[in-house]
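Numbering (our numbering), first residue to last: 26 to 114.
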């Protein structure tokens, strides 16, 4: 996997994880195994989702949203265009 695709997958995984999706669902979106998704999340600053408040998750999600575009192009390659970037209940 090239570095760019890896960054894209990580970014999408982080965003979907903070929104509230499961490893399995994120794996389907990224066409990765559940274990690969858990590895990406577990090695990130977002691993402790269950210990975060909704406000903390929303703030982290906003930070990710603010860096979504590089040179006018979305890091996620447009995968998140139809996703509402808000924490699920």
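In this text, a Cβ means the ideal position worked out from N, Cα and C, and glycines have one as well.
Query                                                                                                                                                      : Result
What residue range is occupied by the uninterrupted alpha helix (DSSP H) comprising residue 68?                                                            : Note, residue 68: premise wrong, no alpha helix (DSSP H); not H, not E.
Can you give me the Cβ contacts of residue 41 inside the same chain, cut-off strictly under 6 Å, excluding the 5 residues immediately before and after it? : 51
Terminal residues of the continuous alpha helix (DSSP H) containing residue 76?                                                                            : Premise fails: residue 76 is in no alpha helix (DSSP H) and is neither H nor E.
Is DSSP giving residue 98 helix, strand or coil here?                                                                                                      : strand
Work out the CA separation of residue 85 and residue 112 for me, nearest whole Å.                                                                          : 10 Å
State buried or exposed for residue 26, treating a residue as buried only when at least 16 other CB atoms are found within 10 Å of its CB.                 : Only weak support is given to the placement of residue 26: the predicted model assigns it a pLDDT of 43, under 50, and the value that follows is read from those uncertain coordinates. Classification for residue 26: exposed.
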